[in-house]
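Residues 453 to 926 in the working numbering are what the sequence shown lists, from first letter to last.
Cβ coordinates follow ideal geometry from the N, Cα and C atoms, glycine included.
Bear in mind the structure is a predicted one, so any value in this text is a computation, not a measurement.
Report on one structure; see the data block that follows.
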Amino acid sequence: MTRFVRRLRGLPLRSRLALLVTTAVAVAVATAATVCWFVVQSTLINSLDDALKGTARLPSDVVARLITPDGNCSRVVLNPDDPGLFKQVIQIVDRNGASCVIYGKQSVGVTSMDVGVANGKAPDATHDAIAGNGSKYRVYTYPMNDYPVAVSVARPLSEVDDTLSKLGLVLALVAGIGVVGAGAAGLWVARSGLRPVDELTDTVEHVARTEDLTVRIPVEGDDEIARLSASFNSMTASLASSRELQQQLIADAGHELRTPLTSMRTNIELLTRSEETGRAIPPDDRKALMASLKAQMTELAALIGDLQELSRTGLTGSDGPVRVVALHDTVRTALERARLRGPELTITSDLAPWYVRAEPASLERAIMNLLDNAVKFSPPGGTIEVGLMRGRLTVRDHGPGIPDDELPYVFDRFWRSQTARALPGSGLGLSIVARTVESCGGTVALGAAEGCGTVATVQLPGAPTPPPEVPEGA
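Structure representation (structure tokens):
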């Protein structure tokens, strides 16, 4: 059985479907034919019994001439040479089991059921018996109320067997045709039903061979194959979008890296040429050159760090397990770091408890990016106001603000305002914030603050109290 299952699994799906359909139809046809055969057999036997019971009963005077005064048969009426005799046999059975054939060509074996009827122990009896020539007969025995004998009427079972044999041949022929037709229909159904799967397979192989993610499969209907095709189209569309994002990221990163690298190369070439020619650079110029190199290296390091963060977080904005996080504690930790980066600034906070589901490191990094922006754009001695109320986090600075026409682009990767290009930064901070907040199911927005400055608003779903602890393994 195991070997058969392995061989079945080794067949193509189309062949397996055709074989299963053929087997199912064959079993159904065989079952129907068997039931039909037994039903017809029972009907024919019942019809034969009714015919035997409907036979005219022997008159009493005929019986009186055929039995002795002590109840035994006196003679046998048997004429095997008479061609007019039917196959039906009529015989008298006495109490001792002796029989007298009064009509027919051979006697039929007497059973205990016939003797029981003759002795008055049973009203009548119907059974099968073997005749003197070895043929099977159907026998009906009834009593003679005026005499201690019974009369058995028998007809050959060949009347039923011949009909059943013909019926068996017909059923076998019909079943064979049905199985062959089912096999052909199953193969056709398998081919028709698996045609979309073949198209999907060809498309997948084409994509794997050519990496062409623009290919789409036509979706027809709403069955499982249509859902599979739609899912494949969605997958290729997502892959194509991801590839475009990757290509755009590489292009943007290359563009952003080119500027500091070009500037660093120029400055290094100046220093190298000075060493090679022996012409010293004036101390002030050399100091400015080294300061420029240091600033460019810092900018390059920040850009590479942000790129690494993006590569770790990917499209989800998270690079670790998600768990319940106390947002107010995370904001408080980020505020301590922000005060170190802007010691001349005044940072106020009003934090109400709020718990969210997030990856702690990613969430803290996003909040730190918002605070870094506020520190970077705040004027010396300025104030930064941070508030958290029912999951709504606001970070407001008093800097120059962002023009309205630039607000739609603030969360794009590598986008930097014209007024901010002179400041350090990679243009990836707010993009990381947006991805992290979206991965937590929240929203983030940047807008002009009342009066002056910018206010960043983050709304995260959660609760003012932590959820109850769940036992490990529950």
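Bridge partner(s) assigned by DSSP for residue i
| i | result |
| --- | --- |
| M596 | V601 |
| S801 | V838 |
| A546 | The question names Ala, but residue 546 is Asp in the sequence shown. According to DSSP, D546 bridges with V601. |
| R775 | A810 |
| A415 | The requested residue 415 does not occur in the structure, where the chain is confined to residues 453 to 926. |
| A915 | Y807 |
Closest by C-alpha distance to residue i, when choosing among the options
| i | options | result |
| --- | --- | --- |
| A804 | G843, P773, P832 | G843 |
| P795 | D654, V774, T782, D824 | D824 |
| V656 | T718, P712, L680 | L680 |
| R607 | A637, K557, H658, G894 | K557 |
| R695 | N821, G893, D664, D650 | D664 |
| I854 | D614, L623, V896, A908 | A908 |
| V774 | S744, P812, A743 | P812 |
| L779 | F829, A574, G894 | G894 |
| P913 | V777, R789, A627, D613 | V777 |
| K573 | D580, W806, L469, S564 | S564 |
| S644 | I677, D613, P920, I702 | I677 |
| S686 | T750, L792, I669 | I669 |
| S617 | A581, V492, R590, V667 | V492 |
| D501 | R590, Y807, G628, R817 | R590 |
| P648 | G630, V910, A682 | A682 |
| Q543 | H579, Q698, Y592 | Y592 |
| A886 | M841, T917, L822 | L822 |
| T782 | L792, R791, Y807, T800 | Y807 |
| V545 | V601, D802, F490, I497 | V601 |
| T888 | A818, P852, L787 | A818 |
| L745 | L898, P852, P712 | P712 |
| S801 | L815, P831, T835, A810 | T835 |
Residue i burial status per 10 Å Cβ neighbour count (16 or more: buried)
| i | result |
| --- | --- |
| S559 | buried |
| P595 | buried |
| D988 | The structure shown does not extend to residue 988, since the chain is modelled only from 453 to 926, so the question has no answer here. |
| V838 | buried |
| T724 | exposed |
| W640 | exposed |
| H850 | buried |
| L530 | Reliability of the predicted coordinates at L530 is poor, the pLDDT of 47 falling under 50, and no value is obtained from them. |
| R509 | exposed |
| G925 | Low confidence applies to G925: its pLDDT is 47, below 50, so where it sits in the model is not reliable, and the reading given next is rough at best. Exposed, because fewer than 16 other Cβ atoms sit within 10 Å of the Cβ of G925. |
| D566 | buried |
| S610 | exposed |
| C904 | exposed |
| G549 | exposed |
| T798 | exposed |
| A476 | exposed |
| R789 | exposed |
| A689 | exposed |
| V479 | exposed |
Where residue i falls: helix, strand or coil (DSSP)
| i | result |
| --- | --- |
| H850 | coil |
| G881 | helix |
| D654 | helix |
| S551 | strand |
| Q698 | helix |
| R647 | helix |
| L845 | strand |
| Q748 | helix |
| L927 | Because the chain spans 453 through 926 in this model, residue 927 falls outside it and cannot be assessed. |
| V783 | helix |
| V862 | coil |
| G536 | For G536, the predicted structure reports a pLDDT of 43, less than 50, and the residue's modelled location is therefore unreliable. A value from the coordinates is still provided. Coil, per DSSP. |
| V541 | strand |
| P795 | coil |
| E890 | helix |
| E663 | coil |
| E676 | helix |
| P920 | coil |
| V827 | helix |
| L822 | helix |
| R668 | coil |
| P735 | helix |
| R509 | coil |
| P712 | helix |
**alpha helix (DSSP H) segments (min. 4 residues) lying fully within the region 554-640** = Counting only runs of 4 or more, we get 564-570.
**Asked** Going along the chain, which unbroken runs of the beta strand (DSSP E) with 3 or more residues stay wholly within the region 461-506?
**Response** Within the region 461-506, no beta strand (DSSP E) run of at least 3 residues lies entirely inside it.
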